[in-house]
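**Q** One structure, pasted below without further comment.
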Amino acid sequence: MIEFDDSQQLVFALDAGLHASVLGAPGTGKTATLVESHVRALERDGWSEEDVLSLAPNRLSAGVLRQQIEERAHTAMGGTAARTAASLAFSILARGAALHGEDVPRLLTGTVQDEAIATLLDSEDARAMLGESAFPPEVLISPAFRGELRELWRVSDDYARDRGELAHEVLAAAARGAREAQSEAPDAGLAARWAAGLSLIDAVAAKLRADRPGELSSSGLLRAAAALVHAEGGVHDGARLRLPKLILVDDAQETGEGALALIAACAARGSSVWAFGDPDVSTAAFQGEASDLAVHPEHELVRRGGAGAQRDAQQRVVLATVHRHGALLRGLVADLSGRVGNRGAGQQRAAVPVAQRVTSQPTQQTNQSASQPGDPATNPPEAAPTTEQVRFTLAQSVTEQLGIVAHQLRTRRLGLDGGAPLDWSDMAVICRSRADAVRTSRALALHQVPTALAAGGLVLREHQLVRDLICLLRHALGETTIGPSEVLEIVGGPIGGLDPVARRRLRRELLISERRAAAAEGRAPSSIEECVFAAFQLPAGEPVVDSAGGRALRKVARVADAGKRVRTAGGTARETLWAVWDETKLAAKLQAEALDGRPARADEANRALDAVMGLFFALQRHEETDSAQPIAELLADIMENTLPEDSLARQSDRQMVTVTTPQGAIGREFGVVAVLGLQDGSWPNLRARGMLLGSVALERWLRGGPASTPSRRDTIHDELRLLTLCCARASDELLVVAIADEEQHPSAFFRFGEAHRQEGLPSARLTLRGATAQMRRELVRDPANDEALDTLSALTRAGVPGADPETWYGVAAASTQRPLIDLAGDPEATVPVSPSQLERVEQCPLNWAVAVLGGGSGNIASSIGTLVHHAFETVAEPDPDKLMAAVRSQWSKLPFDTEWESQRSERTAQAMVDGLAGYLREFASSDRELLGQEARFQTVIERALLRGSADRLEGRTLPDGTLEVTVLDLKTGRTLPTANETAEHAQLQAYQLGVALGAFALGHDAHHDDAVTVAPQDAAGVESGSDAAQEVPAEPATETALTPESDSAPESEPEVVTGGARLLYVHPDATKANAFVERAQAPITDEMKEAFMQRIANAAQVMAAGEFTARVEHHCSDQYKPGECQIHIIPAVSRA
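Numbering (my numbering), first residue to last: 193 to 1328.
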């Protein structure tokens, strides 16, 4: 039998025919008192289940409250004992529809509402409605603007205002305020924004009424239900709508204006309202202006329900005893709540813990926060916790922060603190935002802490599996074609299953295979992107490369092909998605992982399955509602939507730690609570809410106050209420962890726990793997540490992964130390050396080796550069339009993420071809002639085979008949080299060396029409990243073979000399106001030639080796010299 204190007994003596306010600090037993009041009301003579109704702020709280009422009544109830306000509204509308023979209204989801708003804002109608003072286009398409429009929509519904009339009213009020200098009136700009927003909302609402008749938003349901109650409601027999005689409102401080309007309508028709709450822990300000129902129910009900809601007297009880907290926790919560503005009530703050209970008779006053089953307030006072802890601590990184939390949660779960083991479900981690909660939930799962996210529903686009399925579905439907980058992304996701290292290995395998094939066929090798796409086009047969990566690539190809086949056969979008999903073979794998009990994998599998089901449900709704929205738009909306999808799905029964936001912790209680996010700029978050349209100001004005936005003081108090709520959820232990590093600092709120500061909390993983890692660190730090040695020995005998030193990274010998090319064993062997790679291998041999052997990584800039090179090679006329046409012919192959990126890059490409046209015009008016394009050369220098291709060879005949050859190298980079850098430019020197040594096999008579013959090059030997083999989605450069037009050879060959080399820059960032900029390198001298040949020979020795040196100080650790080598310089854990 539950034992109630004296102040709670006062609630049971209240008059059920009058309104009442029951105030109480967190933990004083408000919910337990409400449950008891509900059950005792049912025992009144003549009262039935329909005469009493309890309201909760959300569905989770309502479900828990309903269970508590049924358990206390010792019976299952025929009706619904506890609801949310929205649920009550729907039941009233359903009953009204039945009475009138109409269809029951349906809920218009927030996602659909947001999509409708986005569609309108993307139209010309929106610009016309907003007029000349419209918001900038980038604001209109932003999620923030759509969110504020939804808020404005809610406000108009909450106050049951016709939006057209309201728009005229606010404009008139602004004009009147300007004339009469009324400080409370809105200014003209604010009123104009309100009117424009209301016009937009009216247009969206009209479109939705036509497209989705009978669907109402959540605020629309409350508005319609309140109107119906006013028209036809009643609490007496014979009334058309049977309303409860007594409405008990739990956590009444969360009641918004829409819910208040419905409750007030019921009060006007005879219902009595008892409000249980505590304004010090209200979160309602973040969903609009909170009502004062918890503090002044009589005033608020009359304000929204009219005189009919008034009663002869008002009752108030303040609960005096805190059952949840001991002195330590109660002291902190009282201190925090004492810093909050009291909003008309402060008596509840005087409540004391059971151990300090006052003996004096309490006055009419009381409270306890809503909770889940097992609320200490439902137990005798003697059961109050006595081992409570409050700790505020700082971490130096996010990793350490999560380590501290995970260590403490696992300590309590295992009972290593000396107490009894605590269930996972009795622990919670509360984060400031939903995004933080999502990241924290996943990170804790990696620490083997099972987590359940309770923070506002499911956002489909956050799951890579959903993104990959949508990508494949679009491809199957013919909406888009998957490009190479998307294929590699899917291969590295849940469907392909490759990790980043395996994906890089796949790139290398494809590149090597392609080079061998190209060498055998005597052609230039294709780019890595073309190799990937070609493999993706071959779903049948053997994989292109026989490896795990090749099989993963073939699997992705087969998945895409399965969707294509179903779509071709006439399947719907949902049937096509099913074919894609079924071919992935992930259902059984994820189901097994979800049920195997291992926290990290099980949690991730559960989330993945939930997300896939959400995607199927989205397509099912699209089909069942016979939506006119094209499927492509639906998929685009899913990929853009950031609103969580609400779900009625039953949650797992597995024991899991709740990870949530303050709003998700309303009415709940946990033994252990960890609070994260008290960072400067984040909590308190002082950024003004609703500044674009000023919905908060409108709500204040409609309530009779000034049309003003929340002040800084108001915002700080609202943020402090969130913190008070979070800290008050703990019954035994509170842990608050903030981060203090170079970029993040604890906020001022963290200092409120200064008296509870504790440093040095352990952050090591409290798992076998964590213990192994910790002992390894200890042993590396101190090899004489016998405890660490003995522990590792025991872990090794137990077979714990990572414990055996033989498996440590850095301990095992290298798999091979053989050189890439065995120069010592093969006297005939040569090392291919590319001019473009000379400086790279000299700068950092490790970076060169990783880039070449690992396949490298391309980017958009280099791909555009290759297209510009292609245009420069194939178009001879100085015509910008023809040059740009050559670029555009391959533009669709570039993997842009967004359209605006493509447009911006196209403008850059246009500027570059304009520079090319300028150069070609200057060239046509000069005395130089074109000798070759993409002219290839090769020459042997000791053991090096120097070979490459020059963009252009230009020559002129000197007065003495000598042919002066100049090499031109086109650059599309953004940075010009200095004069010294140009003079030492290795690539240009290599080209000059090729000319000087006759590697281009030039033979030319200036007085004949003979052409220059360029010696062909074995394209298979060109290294990744060189000018001749960039990994870009462009066609291979066509080789210009200039051969004599006459069958007879010229009588004599002119002497050829090098005229130097030039770099041609055309990127607008490099050229500034000029069309193009050149950097010239002087002709190479004999001394320079000898020195450069030695550089080539040395580079060849480095390239052929089996070990490659990292230039840590001068390259690898330099943030301004990016490369592929940074990850390889991180020392192994096993190295001191």
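Just so it is clear, CB atoms sit at the ideal spot from N, CA and C, and this is done for glycine as well. Computed from a predicted structure; not experimentally measured.
For a test of the three-state rule: what should DSSP assign to R531, helix, strand or coil?
**A** Coil at R531, not helix or strand.
**Q** CA-CA distance, Q855 and A1267?
**A** Going from the Cα of Q855 to the Cα of A1267 covers about 58 Å.
**Q** Look at the alpha carbon of H217 and the alpha carbon of A866, and state the distance between them as a whole number of angstroms.
**A** For the record, residue 217 in the displayed sequence is Ala; it is not His. If you take the alpha carbons of A217 and A866, they lie about 20 Å apart.
**Q** DSSP three-state call for V1248: helix, strand or coil?
**A** In this structure, V1248 counts as strand in the three-state DSSP scheme.
**Q** Determine, using beta-carbon pairs with one atom in the segment 942-962 and one in the segment 497-514, whether at least three such pairs fall under 8 Å.
**A** The answer is no - the segment 497-514 does not touch the segment 942-962, with fewer than three Cβ pairs under 8 Å.
**Q** A387 and A377 - do their beta-carbons sit closer together than 7 Å?
**A** Against a cut-off of 7 Å, the Cβ pair of A387 and A377 comes out as no contact.
**Q** Quick one: Cα of W773 to Cα of A880, how far?
**A** Taking the straight line joining both Cα atoms gives about 44 Å.
**Q** Consult DSSP for T1066 and reduce its assignment to one of helix, strand or coil.
**A** Note: T1066 maps to helix in three-state DSSP.
**Q** Using the three-state DSSP reduction, which class does E596 fall into: helix, strand or coil?
**A** Note that residue 596 is Ile in the sequence shown here, rather than Glu. If DSSP states are grouped into helix, strand and coil, I596 belongs with the helices.
**Q** Hey, how far is the Cα of P1019 from the Cα of W1040?
**A** Each residue's Cα considered, the two are about 25 Å apart.
**Q** For a minimum of 3 consecutive residues, which ranges assigned as the beta strand (DSSP E) are wholly contained in the segment 436-464?
**A** Qualifying beta strand (DSSP E) stretches, in chain order: 438-441.
**Q** When DSSP builds the beta bridges, which residues end up paired with M619?
**A** Answer by DSSP bridge pairing, in chain order: V864.
**Q** What are the boundary residues of the beta strand (DSSP E) that includes K1163?
**A** Here the beta strand (DSSP E) through K1163 covers L1155 to K1163.
**Q** Helix, strand or coil for V736? Go by DSSP, reduced to three states.
**A** It is coil, neither helix nor strand.
**Q** According to DSSP, simplified to helix, strand and coil, what is R137?
**A** Shown here, the chain extends from 193 to 1328; a query on residue 137 therefore has no answer.
**Q** Which residues bound the alpha helix (DSSP H) around D198?
**A** It spans D198 to F204 - the alpha helix (DSSP H) in which D198 sits, taken as one unbroken run.
**Q** Would you call the segment 1285-1305 and the segment 1015-1035 in contact, with 3 or more CB pairs under 8 Å?
**A** Result yes; three or more Cβ-Cβ pairs closer than 8 Å.
**Q** Between T220 and V514, which are expected to be in contact by the criterion C-beta below 8 Å, what is the C-beta distance as a whole number of angstroms?
**A** T220 to V514, Cβ: 5 Å. Contact.
**Q** Could you have a look at V1294 and say whether DSSP puts it in helix, strand or coil?
**A** Of the three classes helix, strand and coil, the one that applies to V1294 here is helix, per DSSP.
**Q** DSSP state of R434, grouped into three classes?
**A** Correct three-state label for R434: strand.
**Q** Identify the residues that DSSP records as bridge partners of A644: which are they?
**A** Partner(s): T850.
**Q** Can you tell me which residues form a DSSP beta bridge with F1115?
**A** Per DSSP, none; premise fails for F1115.
**Q** Give me the residue from G356, P938 and A1077 with the minimum Cα distance to Q588.
**A** Checked all of G356, P938 and A1077; the closest Cα to Q588 is P938.
**Q** V396 to A308, Cα distance in whole Å?
**A** Rounded to whole angstroms, V396 to A308 spans 6 Å at the Cα level.
**Q** Report back the beta-carbon spacing between R298 and E407 to the nearest angstrom; my notes put them in contact at under 8 Å.
**A** Indeed they touch by this definition, with Cβ atoms about 5 Å apart.
**Q** According to DSSP, is F1129 part of a helix, a strand, or is it coil?
**A** Of the three classes helix, strand and coil, the one that applies to F1129 here is strand, per DSSP.
**Q** Taking 7 Å as the threshold (C-beta atoms), are V724 and P676 in contact?
**A** Yes, Cβ-Cβ distance for P676 and V724 is below 7 Å.
**Q** Which class does G886 belong to by DSSP, given the choice of helix, strand or coil?
**A** It is coil, neither helix nor strand.
**Q** Considering only C-alpha positions, which residue in the set E1091, E1316 and D504 is nearest to H211?
**A** H211 has its Cα closest to that of D504, out of E1091, E1316 and D504.
**Q** Whose C-beta lies closer than 6 Å to the C-beta of V532 among residues of the same chain, with five residues either side of it excluded?
**A** Here the set comprises D472, H909, L912 and R913.
**Q** May I ask which residues mark the beginning and end of the alpha helix (DSSP H) holding S985?
**A** Its alpha helix (DSSP H) spans residues D978 to R989.
**Q** Using 10 angstroms around the beta-carbon of N1051, count the other beta-carbons present and answer buried if the total reaches 16, otherwise exposed.
**A** N1051 should be labelled exposed.
**Q** By a C-beta neighbour count over all protein chains shown, 10 Å radius and 16 as the cutoff for buried, is L614 buried or exposed?
**A** Flag for L614 reads buried.
**Q** What residue from S1007, K437, G945 and L215 has the CA that sits closest to R541's CA?
**A** If we check each option's Cα against that of R541, L215 comes out closest.
**Q** Measuring CA to CA, which of L420, T1154, L1138 and F1129 is closest to R1144?
**A** Ranking L420, T1154, L1138 and F1129 by Cα distance to R1144 puts F1129 first.
**Q** Could you check how far apart the C-beta atoms of Q1318 and A1253 are, in whole angstroms? I think they sit under 8 Å.
**A** At roughly 32 Å, the Cβ-Cβ gap does not stay under 8 Å, so Q1318 and A1253 are not in contact.
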